[in-house]
Each structure stands twice: as structure tokens, then as C-alpha cells.
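In my numbering, the protein residues as written are 61 to 507.
Note that the Cβ used here is the ideal one computed from N, Cα and C, for glycine as well.
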């Protein structure tokens with residue numbers, strides 16, 4: 061029994077389909093471009109929302125950042141390629157229509173000198189040749205549009221996979237010597253595997269062509285095929301690489317895209333002193349520390365603490381301090397009676413939290429009040445150099461971030477510039493230490 065792909069009817073159907081594929085290409089490109097343009101805004105909103113929820117957790121923040129960067133880069137590259145494809149396919153349709161109207165190029169009618177006529181006949185040739193070239197470019201770029209998406213996804217999946225493995229090892233072994241050795245071995249292997257895969261990719265199979273290098277590279281190739289899911293797109297890649305034009309376009313497009321990404325990441329440094337290095341000092345007004353600065357910025361959230369504005373006109377100054385898991389951990393260290401039988405912190409599916417077997421309010425509420433009262437011991441607020449007494453309540457700010465709020469009385473404070481210095485206790489190797497949360501400068505000018 062013959063396989064489907066060996067059947068003559070199937071091959072004939074494919075031949076017909078590839079001749080008519082330009083219609084499918086245009087439909088898919090048009091719908092995809094429309095959808096991609098509409099997808100950017102919600103994806104950026106989701107990215108900002110996730111970034112706000114992972115503030116304070118460097119591992120989660122890095123993983124989510126890499127993931128969303130991969131999605132945005134893939135969408136951007138796909139959009140650019142599909143726009144190029146639509147433009148070229150439109151040019152191809154125009155050329156086909158012109159051929160129906162005007163036929164082939166008649167160099168004799170142009171009445172050019174022999175030098176120009178011979179040059180143009182050699183460089184341009186017949187009009188049918190031009191149409192055939194456009195057809196080839198359109199089909200190649202359409203295939204490359206999706207191939208590039210898989211390339212970028214493979215890169216980010218590889219980084220994410222090895223980062224997850226290192227994270228699991230760190231979680232299992234902690235800071236032990238065994239964990240460090242295993243982690244170091246995996247990191248070295250990861251670097252070698254990524255470098256060899258990159259070299260083979262950019263040289264279009266150099267490592268596969270050399271006998272001894274191929275012997276070393278083969279197990280890495282098999283592993284990376286599974287890690288990056290490249291088995292899904294490698295038939296496309298190899299079909300391109302056995303074609304001279306496909307190989308040439310692939311060799312040009314990938315460096316162009318990488319160069320474009322690097323170009324977009326270039327920043328201009330305007331000062332040696334006005335730099336983010338000092339954004340946690342009393343001399344730097346960080347926008348994330350002021351509610352009115354971030355209110356209209358969808359991508360901005362309170363990082364550590366915030367007050368309503370740089371210029372304070374009221375004698376009552378609200379202060380919002382963002383909740384951190386570390387705050388709860390240090391409270392458990394101070395008072396072990398607050399430690400729950402089961403720690404429910406972590407992920408919830410779609411924010412769903414089914415409340416079963418809850419403690420009775422008569423037991424839970426006193427614990428809750430004790431937790432709140434211990435915040436006064438954990439969090440310290442200084443106005444200039446003087447400690448300010450503060451009582452806290454739980455709250456959410458305008459960006460729906462969890463935190464704790466207090467109000468400082470400025471009635472007896474002099475007019476002019478002042479600084480709030482907020483610190484909190486945290487755990488470091490099972491010991492309680494104090495760390496800076498924020499320094500927030502403001503001007504106090506009461507009406």
C-alpha cells in the first residue's frame with residue numbers, strides 16, 4: 061500500500077494547488093496582517109499586567125519578560141514579512157495584468173543604442189522571466205514569514221528550557237556544592253549546544269558536512285530538535301536550503317532581522333550623571349513613586365512605594381507600599397503563630413480561588429489584626445531623618461496592586477523640599493536584616 065504522498069493523484073493535486081496558491085497567500089496575508097495589528101495592543105496590555113504582578117520576583121519577572129519579548133518579536137517579524145509579501149504579490153498581479161495588455165518587452169521598439177539594448181536584454185531579459193522571478197520571491201517570502209517566527213520561538217524556548225532546568229536544580233539542591241557543580245555543568249553544556257546550533261544554522265549546515273564535527277554535533281542536534289520543536293519546521297528549512305535562491309534569501313533576511321532588532325535596542329546616552337544608577341536616591345524623582353505620574357501610563361506600575369504627587373499641598377500625605385511575599389515571610393519569622401498549616405501563596409488558575417475549609421472568623425480575624433499590627437515593626441518610614449509613627453491598612457492602588465497604606469501628618473512640617481525614606485525588614489539566610497524600599501523626594505507647599 062502506497063503512502064498518501066506517493067500517490068500520483070495527490071501529487072497532481074499539489075501541482076494544481078501550488079499554481080493557485082497565490083490566492084491563498086493573499087487571503088492569509090491580508091487576514092493575518094489585520095489580526096496582527098489588532099493583537100499588539102492587547103498583548104502589550106497583558107505584558108504590562110503580568111509585569112506588575114511579577115514585580116519583586118526576579119525569576120518570574122525574567123521568565124515572563126523573555127516570554128512576552130519572544131511573542132512580540134515573532135509578531136513583529138511576521139507582520140513585516142507579510143507586508144513585504146503583499147507588496148510583492150501586488151506587484152506580481154500588476155505585472156500579469158500588464159502582460160495581458162502589452163505582451164512581452166519589445167526592445168526594438170524602444171530604439172535604444174546597441175550598448176543599452178544588449179545590456180537590458182542581458183540584465184532584464186523577457187517580461188515572463190521577470191514575472192517568474194516575482195512569483196519565486198513571493199512564494200519564498202511567504203514561507204520564510206512563518207519560518208522566521210519558528211526560528212525566534214526556538215531561540216527563546218531553548219533559553220527558557222535551560223533556565224527552567226537550572227532553576228529546578230537550584231530549587232532541589234539549594235546553595236549546596238552539588239547543586240553548584242550540576243548547575244555549572246548544565247550552563248556550560250547549554251552554551252556549547254546553543255553556540256554549535258547557531259554556527260550550524262548561520263553557516264547553513266557546516267557542522268553536518270564535516271565528518272568528525274558531525275559525529276560530535278549529532279546528539280546535540282537530536283536534543284535541540286526536541287527542545288526547540290524544530291522537527292515542525294525543518295522540512296521547510298531544508299527545502300529552502302536545497303534551492304539556490306532560497307539559500308540566498310535566507311542568508312540575507314536573518315542577519316537583516318537580527319540587525320534590525322539590535323538597531324531598535326540602541327539608546328543614546330545624554331549624560332554621565334543623569335542616569336538610572338541614582339534612581340533610588342533622594343536626589344532622583346522616579347516616576348514610579350508618584351501616583352499622578354503613572355495614572356495615565358498603561359505600562360507603569362508602582363515598583364516599591366508611592367505618594368500622590370511630587371508637589372504636596374495637603375497636610376495629610378497618603379503613602380502606599382507595595383506588598384511583597386518577603387514581607388509576609390519576615391512576619392512569619394517574627395511570629396510563628398501566624399504561619400498557616402498550608403501555605404496557599406502561589407499561582408491560581410485564572411484568579412480562581414475556591415474557598416474550602418476556611419478557619420472560623422473568630423480565629424482568623426485576630427490573626428489578621430496581628431499581622432497588620434506587625435507591619436509597624438517590619439516597615440519604617442522616615443521623613444528626612446526623623447522616624448514617623450505609622451499605622452497600616454491593607455489596600456489596592458489605582459492600578460489594582462496589593463499593598464499597605466498609611467497617612468503621614470505634615471501639619472508641623474516646614475515648607476520646601478523633603479524626602480521620605482522607607483525601609484523594611486527582610487530575611488537573608490534565615491536572619492532578619494533591614495533593606496531600603498524607596499527614597500521619595502517631594503515639595504511641600506500647603507495652600
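For residue 458, the secondary structure class from DSSP, reduced to helix, strand or coil, is coil. Judged by DSSP secondary structure, residue 495 falls within the beta strand (DSSP E) whose first and last residues are 491-504. Around the Cβ of residue 237, a 10 Å sphere holds fewer than 16 other Cβ atoms; the residue is exposed. Between the C-alpha atoms of residue 172 and residue 319 there is a straight-line separation of about 42 Å. At a Cβ-Cβ threshold of 9 Å, residue 369 and residue 471 do not count as neighbours.
The beta carbons of residue 139 and residue 214 sit no closer together than 9 Å. By DSSP's assignment, residue 291 forms no beta bridge with any residue. The C-beta separation of residue 443 from residue 468 comes to about 7 Å, placing the pair in contact by the 8 Å criterion. In the three-state reduction of the DSSP assignment, residue 145 falls in the helix class. Of all C-beta pairs linking the region 382-392 to the region 451-464, three or more are shorter than 8 Å, placing the two stretches in contact. Note on geometry: alpha-carbon atoms of residue 203 and residue 296 lie some 8 Å from one another.
Rounded to the nearest angstrom, the gap between the Cα atoms of residue 107 and residue 356 is 17 Å. By the neighbour-count definition (other C-beta atoms within 10 Å, threshold 16), residue 491 is an exposed residue. Per DSSP, the continuous alpha helix (DSSP H) segment holding residue 244 begins and ends at 237-262. Residue 396 and residue 129 have their C-alpha atoms spaced approximately 41 Å apart. Less than 9 Å separates the beta-carbon of residue 191 from that of residue 156.
With 16 or more other Cβ atoms inside 10 Å of its own Cβ, residue 260 counts as buried. DSSP, read as helix, strand or coil, puts residue 184 in coil.
Of the residues assessed, residue 453 falls on the exposed side of the cut-off, its CB having fewer than 16 other CB atoms within 10 angstroms. A check of alpha carbon separations from residue 303 across 438, 264, 286 and 273 identifies 264 as the nearest. Per DSSP, residue 482 lies in no alpha helix (DSSP H); the unbroken beta strand (DSSP E) holding it starts and ends at 476-488. Rounded to the nearest angstrom, the Cβ distance from residue 342 to residue 479 is 4 Å, consistent with a contact under 8 Å. Shown here, residue 361 sits in coil according to DSSP, grouped into three states, outside any helix or strand. Nearest Cα to residue 194 within the set 223, 148, 205 and 227: 148. In this chain, the beta strand (DSSP E) harbouring residue 442 covers 439-443.
DSSP, reduced to helix, strand and coil, places residue 223 within a helical segment of the structure shown. Look at the beta carbons and you see the region 213-229 touching the region 279-294: at least three pairs across the two are nearer than 8 Å. Taking C-beta separations shorter than 6 Å and ignoring five residues to either side along the sequence, the partners of residue 177 in its chain run 167, following chain order. Under the DSSP assignment, residue 447 falls in the beta strand (DSSP E) whose first and last residues are 446-448.
Beta-bridge annotation (DSSP): residue 466 is paired with 379.
Minimum Cα-Cα distance from residue 448 among the listed residues 83, 346, 377 and 141 corresponds to 377. Taking C-beta separations shorter than 6 Å and ignoring five residues to either side along the sequence, the partners of residue 205 in its chain run 138, 141 and 142, following chain order. Look at residue 372 here: in three-state DSSP terms it is strand. For the 9 Å CB-CB criterion, residue 391 and residue 398 form a contact. DSSP places residue 342 in the coil class of the three-state scheme, outside both helix and strand. DSSP places residue 366 in the strand class (E or B) of the three-state scheme.
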